[in-house]
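Everything below concerns the one structure shown next.
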Amino acid sequence: MSAVRAAVVGGSLGGLTAGLLLRDLGVEVDIFERSPVALEGLGAGIIVHEPTVRYFVERSSISLDDISLTSDRLQYLRPDGSVEHEEKSDYRFTAWSSLFRGLESLFDQGRYHRSHTLVGFDQDADGVDLRFAEGGERRFDLVVCADGVSSAARRRLFGVDAEYSGYVGWRGICGREELSGETWEVLDNTFTYALSGDEHVVAYPIPTVDRDVHVTDYRINFTWYRNVEAGPDYDELMTDRTGLRRSISVPAGSAQERQVARMRADAARLPPPIAELVGRAQDPFITAIVDADCPHLAGGRICLIGDAAVTARPHAAAGSAKAAADAWSLAEAFEGVGPDGVPEALRSWEGPALERGRALLERTRDMGRRLQGGKGDWKPADPGNRFGLETPRAPA
Ligand SMILES: Cc1cc2nc3c(=O)[nH]c(=O)nc-3n(C[C@H](O)[C@H](O)[C@H](O)COP(=O)(O)OP(=O)(O)OC[C@H]3O[C@@H](n4cnc5c(N)ncnc54)[C@H](O)[C@@H]3O)c2cc1C
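All residue numbers for the sequence shown refer to this note's numbering, where the first residue is 287 and numbers rise by one.
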């Protein structure tokens with residue numbers, strides 16, 4: 287039986303995990319990433335779940351301590367900064383860039399192709415032809431689209447785009463030297479919530495990982511979820527300082543200074559340690575909180591995984607875990623499969639992956655309504671509010 291030739295479109299967490307797992311099965315895998323440079327600055331903090339790090343644990347010598355930090359507490363702060371609720375917690379924290387660095391170091395660089403932006407494809411019974419904006423056309427037996435929340439493949443196959451939730455996340459990071467000792471102590475080793483009914487902030491430490499994939503330091507990152515109705519104010523916020531209207535994120539250093547100044551002024555009303563963290567972060571950036579439902583994840587020889595498939599809001603902290611779980615189940619479906627068996631393998635993979643994605647989508651929509659809806663119906667001790675992919679996982 288000849289080997290399956292697969293293209294993975296999108297070389298981030300989902301794409302790299304799928305690429306590694308398919309490669310391990312003997313599939314000939316090429317990853318195509320639109321970015322011309324190594325992905326470095328995408329996002330900030332990630333809470334680790336079992337699927338997120340399963341590849342490292344089962345298939346590499348990279349240990350959890352090489353790419354993530356432990357924690358011992360989860361806390362909710364009152365407006366005056368005192369602790370309203372506290373419990374023991376063993377969540378592990380990492381950074382998007384730390385996971386990326388670890389996964390990328392394990393994939394064959396000769397088969398990771400930067401500056402390849404998928405713009406179109408056609409398929410027939412025997413294969414898929416991919417076309418790239420930078421030129422060139424390639425044919426494959428299998429195409430795995432891991433091209434993220436704004437997936438061109440999802441739109442082309444199923445006509446589905448991500449929808450804005452009605453709130454954005456202002457995000458930023460501070461090192462120890464930027465914060466007072468008092469604030470560092472409150473936020474260190476801890477997942478912190480600050481809630482006010484119609485907005486909330488989360489903050490937790492994230493590691494810095496060097497090129498040899500070892501933790502060298504750590505900082506505190508935050509996301510401040512703020513309601514901004516779709517319309518002129520939202521459009522202005524999402525327009526960067528060069529005048530470009532961004533669709534999903536305004537990267538670090540690109541938000542208009544006026545918007546940053548207003549956000550920092552508003553931060554004064556947050557609990558004091560959070561106000562300090564938010565107010566002192568250099569180059570805060572903005573992520574529009576969106577989600578996307580999709581009726582199918584596979585069509586013929588092409589499939590969608592991760593955020594390109596069903597995109598969930600971040601409140602269960604499980605998006606990259608879902609991307610990894612999609613990749614693991616895909617690899618299981620391809621065990622012993624040759625080029626002719628691709629459509630059937632994708633059909634068998636699709637149902638459970640879709641179910642998992644939709645359950646997470648529904649759960650995170652409900653969490654978003656309760657966190658941002660102004661009704662004050664988010665109870666800190668409710669086990670349903672915990673993070674996790676398939677079921678909320680209570681901290682140990
Ligand atoms: C505020 C916030 C907090 C979060 N916190 C957590 C958390 O704690 N835990 C967690 O598990 N998840 C979290 N997530 C979700 C997580 O970041 C995403 O689910 C995860 O990054 C999705 O990975 P992905 O590989 O599917 O897509 P992405 O990381 O979006 O990667 C898509 C890739 O495709 C490339 N691409 C796009 N279009 C093309 C094209 N046409 N051709 C070629 N390449 C293309 C892009 O350049 C990019 O590299 C959070 C998300 C947000 C917004």
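Ideal Cβ positions, reconstructed from N, Cα and C, are used throughout, including at glycine.
Since we're looking at a predicted model, the values are computed, not measured.
- The alpha helix (DSSP H) runs lying completely inside the stretch 420-460 and spanning 4 residues or more are 438-444, given in chain order.
- Taking a 10 Å sphere around the C-beta of residue 608, we find 16 or more other C-beta atoms and assign the residue as buried.
- Contiguous beta strand (DSSP E) elements confined to the stretch 520-604 occur at 571-577, 588-590, taking only those with 3 or more residues.
- Residue range 359-363 is occupied by the beta strand (DSSP E) that includes residue 360.
- Under the rule that a run must span 4 or more residues, the alpha helix (DSSP H) segments found entirely inside the stretch 362-397 read 382-392.
- For residue 410, the uninterrupted beta strand (DSSP E) run begins and ends at 404-410, by DSSP.
- By the criterion of a C-beta distance shorter than 6 Å, residue 553 is surrounded in its chain by 561, 564, 565, once the five residues flanking it on both sides are discounted.
- The C-beta of residue 549 has 16 or more other C-beta atoms within 10 Å across all chains shown, which makes the residue buried.
- Taken atom to atom, the span from the alpha-carbon of residue 348 to that of residue 401 is near 28 Å.
- Within the DSSP bridge table, the entry for residue 479 names 362, 488 as partners.
- DSSP, read as helix, strand or coil, puts residue 612 in helix.
- Per DSSP, residue 345 is one residue of the alpha helix (DSSP H) stretching across 336-345.
- For the 8 Å CB-CB criterion, residue 536 and residue 351 do not form a contact.
- The DSSP-derived three-state label of residue 663 is coil.
- DSSP places residue 493 in the strand class (E or B) of the three-state scheme.
- For the 8 Å CB-CB criterion, residue 589 and residue 657 do not form a contact.
- Under the DSSP assignment, residue 416 falls in the beta strand (DSSP E) whose first and last residues are 413-418.
- By the neighbour-count definition (other C-beta atoms within 10 Å, threshold 16), residue 524 is a buried residue.
- In this structure residue 411 is exposed. Its beta-carbon is surrounded by fewer than 16 other beta-carbon atoms within 10 angstroms.
- Short note on residue 600: C-beta closer than 7 Å to some heavy atom of ligand 1.
- Residue 630 sits in a helix when the DSSP states are folded into three classes.
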